[in-house]
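Step one of this worksheet: look at the structure below.
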Ligand code: NA7
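Residue numbers (this note's numbering): 1094 to 1595.
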């Protein structure tokens, strides 16, 4: 119904980006990045939505967008060399090309709690939050989940609600976000050479380079090659900056168990001092899985919120949520009476939104079926057997580990160049070759194999969704290597693709 995607739907209290606003924004237009003034270091949902609305208006994009349309099915018409697109309102159109910009964290995990519809109070899902203001004053609110979403929402809801009960299955690692109004000096520093700053972002692993208000390359060292004092100093430096900056603090944190465990200890030490009650702290301290493998959270007053009298942490790691009833939730045989329930249980990440559409390619097989054992793509751009269908911020790309805004710009440009090439050469149909796809799949496996991601139930490997194939959904080789592959492919006139039609 409006532009914004993630930032249109996720309007829960506290929603915002964990990448700094100056970096989590489009770099394709110098004037746009000079003109737009971000208010906060990390933009919150209303500001991000306003920015995206501004971009749509500024570049006159709304005339090309049909709002409120739900794509139910896409069928490849081989003779016509085009896609038949069926909307859920019954309308049908044919289109030569389809770009699946369906989002990497957009299809909510289906909540499978027994008796969900029996609850008579308000049930609010963070990823489809109402547009009208929600008043929690004087109410007893329950929230299920303690991932990035809940970590943002809990402190704000706690300030308003009569009582807040947090149902926690797994404690997460969170670093302070250190958000606040943007300092003019820093904004001027970035804007004085925005082009150079963007270049640094595009040449980095994660697509964000600001640490403590300076552009920094990832530390090239392995933690275990440093002295304990040097490691401690690096972690203190990153803690001061806050947020996701830990991902670039050393090279071996996601492969060396020893290095990872030491960083996890550092986190536990820092977290523990933020919580008054040692028994509550014990429940909140994450243990038993490697730090950074479940996406690191970035918070404002998250742990301090548990020092409030009106907040209770309910551990559901062993006593699961048994069922919802008319007036609350039953856990371990005990009813917790609630007025409102907030569901923040995450997403069927990366592939969920695309496979929920009935997509039928050349062989008539649905995309969901083709990807049953895990998605297969060539560089996250195309999947064999689904001609003229492109993906942005999808499986096989760097997104999730790389700033999705810069990623979508890069992939958008690349697809556009490919279409120009086809037009010039007189081709109307393109498909990825099976060989190139196989090579990319192997390359992805190779990058993911030695990592610690396999040791936690994270969404990067599909482990948060029961029954989903456990494969690394994203390319871990880094954006510079990704770009090199993509540029090589374009320069040698797309050998990994077959062309036809006219
Ligand atoms: P996440 O990070 O997947 O977190 C979901 C949370 O919900 C997490 O704490 C889960 O616990 C919990 N959860 C999921 N299912 C259940 C059930 N059935 N019972 C109890 N608790 C449950 O999603 P977010 O929306 O917070 O963040 C997604 C991404 O958005 C994030 O990574 C950033 O990239 C931005 P679990 O850990 O599975 O035990």
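Ideal placement from N, C-alpha and C gives every residue a C-beta, glycine not left out. Since this is a predicted model, take the numbers as computed values, not measurements.
C-beta atoms of residue 1593 and residue 1520 nearer than 8 Å: Yes, these two residues count as a Cβ contact at 8 Å.
Host alpha helix (DSSP H) of residue 1131 (start-end): Where residue 1131 is concerned, there is no enclosing alpha helix (DSSP H), given that its DSSP letter is neither H nor E.
Distance, residue 1278 Cα to residue 1289 Cα: Roughly 17 Å separates the two Cα atoms.
Expressed to the nearest angstrom, what Euclidean distance is found between the alpha-carbon atoms of residue 1433 and residue 1219? The alpha-carbon of residue 1433 is positioned some 13 Å away from that of residue 1219.
Which two residues bound the contiguous beta strand (DSSP E) that contains residue 1237? Counting along the chain, the beta strand (DSSP E) containing residue 1237 begins and ends at 1233-1237.
Is the closest heavy atom of ligand 1 to the C-beta of residue 1415 under 7 Å? Not so, every heavy atom of ligand 1 lies at least 7 Å from the Cβ.
Close-in-space but distant-in-sequence residues of the same chain around residue 1479 (CB under 6 Å, 5 per side omitted): Correct list, in chain order: 1454.
Helix or strand or just coil, what does DSSP make of residue 1184? If DSSP states are grouped into helix, strand and coil, residue 1184 belongs with coil.
Are residue 1484 and residue 1473 close, meaning C-beta to C-beta below 8 Å? The Cβ-Cβ distance between residue 1484 and residue 1473 falls below 8 Å.
Looking at residue 1241 and ligand 1, is the gap between the Cβ and the nearest heavy atom below 7 Å? Indeed, a heavy atom of ligand 1 lies less than 7 Å from the Cβ.
Which of the three DSSP states is assigned to residue 1446 in this structure? Reduced to three states, the DSSP call for residue 1446 is helix.
Between which two residues does the beta strand (DSSP E) containing residue 1100 stretch? Not the beta strand (DSSP E): residue 1100 falls in the alpha helix (DSSP H), residues 1099-1102.
Quick check on DSSP: helix, strand or coil for residue 1256? Here residue 1256 sits in strand by DSSP.
Beta-carbon within less than 7 Å of residue 1173's beta-carbon, same chain only, minus the 5 sequence neighbours each way: which residues are those? 1187, listed in sequence order.
What do you reckon, is the C-beta of residue 1550 under 7 Å from a heavy atom of ligand 1? For residue 1550, the Cβ falls inside the 7 Å cut-off from some heavy atom of ligand 1.
DSSP puts residue 1308 in a beta bridge; with which residues? DSSP, once it has assigned bridges, lists 1303 as partnering residue 1308.
Could you tell me whether any non-hydrogen atom of ligand 1 is closer than 7 Å to the CB of residue 1387? Yes.
Complete beta strand (DSSP E) runs within the segment 1522-1577 (minimum length 3 residues, chain order): The DSSP assignment places complete beta strand (DSSP E) segments of no fewer than 3 residues inside the segment 1522-1577 at 1522-1525, in order along the chain.
Compute the minimum distance between the beta carbon of residue 1438 and the heavy atoms of ligand 1, and state whether it is under 7 Å. Result yes, Cβ under 7 Å from ligand 1.
With 16 as the cutoff for other CB atoms within 10 Å, does residue 1535 come out buried or exposed? Looking at its Cβ environment, which holds fewer than 16 other Cβ atoms inside 10 Å, residue 1535 is exposed.
Measure the C-alpha to C-alpha separation of residue 1522 and residue 1149 and round it to an integer number of angstroms. Residue 1522 and residue 1149 have their C-alpha atoms some 29 Å from each other.
Ignore the nearest five residues each way along the sequence and tell me which others in residue 1272's own chain have a CB closer than 8 Å to its CB. If we look at residue 1272 and ignore the five residues flanking it on each side, its Cβ neighbours are 1109, 1133, 1134, 1135, 1393.
Using the Cα positions of residue 1396 and residue 1367, report the straight-line distance between them to the nearest angstrom. Straight-line Cα distance between these residues: approximately 6 Å.
Near ligand 1: residue 1238 beta-carbon under 7 Å from a heavy atom: Under cutoff, so the answer is yes.
For residue 1303, tell me which candidate among 1202, 1379, 1117 has the shortest Cα-Cα distance. Looking only at 1202, 1379, 1117, the smallest Cα-Cα distance to residue 1303 is reached by 1117.
For the segment 1214-1230 against the segment 1355-1372, are there 3 or more C-beta pairs whose distance is under 8 Å? Contact fails between the segment 1214-1230 and the segment 1355-1372, because fewer than three Cβ pairs, one in each stretch, are under 8 Å apart.
Helix, strand or coil for residue 1364, going by three-state DSSP, please let me know. Three-state result, residue 1364: helix.
According to DSSP, which residues form a beta bridge with residue 1428? Here residue 1428 is bridged, per DSSP, to 1423.
Counting C-beta neighbours from all protein chains within 10 Å, is the total for residue 1264 16 or more, i.e. buried, or is it exposed? Burial call: buried.
Whole-angstrom distance between residue 1230 and residue 1404, CA atom to CA atom: Cα to Cα, the separation comes out at about 14 Å.
Whether residue 1037 touches residue 1552 by CB criterion (8 Å): The requested residue 1037 is not part of the displayed model; the chain covers only 1094 to 1595.
Could you please give me the residues that DSSP links to residue 1507 through a beta bridge? According to DSSP, residue 1507 shares a beta bridge with no other residue.
Three-way DSSP call (helix, strand, coil) for residue 1319 in this model: It is coil, neither helix nor strand.
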